[in-house]
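Its first residue numbered 2, the sequence shown is counted upward by one per residue in our numbering.
Just so it is clear, CB atoms sit at the ideal spot from N, CA and C, and this is done for glycine as well.
Since the model is a prediction, treat every value here as computed from it, not as a measurement.
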Amino acid sequence: MKYCLYGTVYNNVEYVEDSVKSFFSPLYDKIVIVDSFSTDGTYEKLKELEKDYNLTILRLKSSRGKGRDYALRHCPEGSFTAYVDLDVTYNKNLEKAITLEIDKASFGTRMQFTITSFRDTIIKYGGWKDLLIGEDVELLTRLGIKIYVPILLGINRPFNGIREDKYGISFISKARRKFIALIDGYRAAWNFEAKAEKSLPIKALAFLIATAKGRIVNCKKICNSLCTDYLFLSNLNDPADLGFEKNDVVFFLFSKEANKIRKNLGIDPYEVVPSKIHYLKRVDYLYGNVLSVWYYSSTTPDIVRRFFNIK
């Protein structure tokens, strides 16, 4: 079996070397990284690492989805693949996940997850969509994953809710990217809820544009983001049964999403998780609404709290 990792990156020079070193393994026949013409030295850093870490470095001005699709299509035909994010420092679980060779599976958490699948399976389903945000949940729901394994794959840089703020670009460029991301989010990931929305005029405009461009809804009744949570719950597997360590097991969900799943689909996440992985404990945090974290190791909730900047 040939294995291929692939990913895309933009203006991430501070993290990219640690990320590459964390996921590199001689196991992989090819590692394809697409740089979207970074301006902060990311591309130059990747070129420095290229030879020692078996990287294939390509450049394409692209959204995250288009960049991932371009990278995937440069993986060998017939190879088994997983995608990586270049702002994550990975652990040993990523390599274990890909070597299990489970087609149309997802490993990780909502902080960072990957989809393991044959290159040709994803291409058969149409590849990655040209989206700046929501590209992962759109592909996951279109593929229809067969198994979900809630396991820590690594450590992310802290999340402030807006990816575009981390890129070190001009105010105008950042504002433009944020608006495009908002449109793509409404196209591929979220529903528009007027009562809950802040910055209502801007978001309403973005939703109208998203509707005009064509919204992508892969599940009946619910948006792709909520459908991802539903698929995670429906296909939840105990990582320990696949040889992962219990200390790395974690699942989390916001009460807002849990209530929607319960109302629209008749499934209670607060019953499903402990019934499928009986040894997990649960802690709740207030983060806008309640964030519930199921875990085994006492250190795991702190990882989630740091990611969301919960004090």
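Would you list the one or two residues that DSSP bridges to residue i?
| i | result |
| --- | --- |
| residue 310 | In the DSSP output, where bridge partners are listed per residue, residue 310 has none listed. |
| residue 285 | 293 |
| residue 25 | DSSP lists no partner for residue 25. |
| residue 255 | 292 |
| residue 5 | 31 and 82 |
| residue 60 | 36 |
| residue 118 | 82 |
Straight-line CA distance for residue i to residue j?
| i | j | result |
| --- | --- | --- |
| residue 281 | residue 295 | 6 Å |
| residue 70 | residue 128 | 6 Å |
| residue 76 | residue 144 | 19 Å |
| residue 89 | residue 101 | 21 Å |
| residue 55 | residue 67 | 22 Å |
| residue 244 | residue 255 | 28 Å |
| residue 211 | residue 299 | 42 Å |
| residue 277 | residue 239 | 7 Å |
| residue 215 | residue 223 | 16 Å |
| residue 103 | residue 124 | 17 Å |
| residue 130 | residue 137 | 9 Å |
| residue 43 | residue 132 | 21 Å |
| residue 194 | residue 26 | 44 Å |
With DSSP as the reference, label residue i as helix, strand or coil.
| i | result |
| --- | --- |
| residue 32 | strand |
| residue 158 | coil |
| residue 72 | helix |
| residue 11 | coil |
| residue 217 | coil |
| residue 151 | strand |
| residue 108 | strand |
| residue 91 | strand |
| residue 133 | coil |
| residue 237 | strand |
Suppose the cutoff is 6 Å on Cβ atoms and the five residues either side in sequence are ignored; what does the same chain contact list for residue i look like?
| i | result |
| --- | --- |
| residue 29 | 4 and 6 |
| residue 228 | 142 and 220 |
| residue 105 | 118, 144, 146 and 147 |
| residue 284 | 294 and 302 |
| residue 150 | 108, 238 and 240 |
Exposed or buried, what is residue i when buried is set at 16 or more other beta-carbons lying within 10 Å of its beta-carbon?
| i | result |
| --- | --- |
| residue 64 | buried |
| residue 177 | exposed |
| residue 204 | buried |
| residue 287 | exposed |
| residue 134 | buried |
| residue 202 | exposed |
By Cβ distance below 7 Å, which residues in the same chain neighbour residue i in space, the five residues on each side in sequence not counted?
| i | result |
| --- | --- |
| residue 109 | 115, 152 and 154 |
| residue 126 | 143 and 144 |
| residue 248 | 297 and 298 |
Tell me which same chain residues have a C-beta within less than 8 Å of the C-beta of residue i, skipping the five on either side of it?
| i | result |
| --- | --- |
| residue 78 | 120 and 121 |
| residue 275 | 281, 283 and 295 |
Heavy atom of the ligand MN less than 7 Å from the Cβ of residue i, yes or no?
| i | result |
| --- | --- |
| residue 35 | This structure lacks the ligand MN; in fact it carries no ligand of any kind. |
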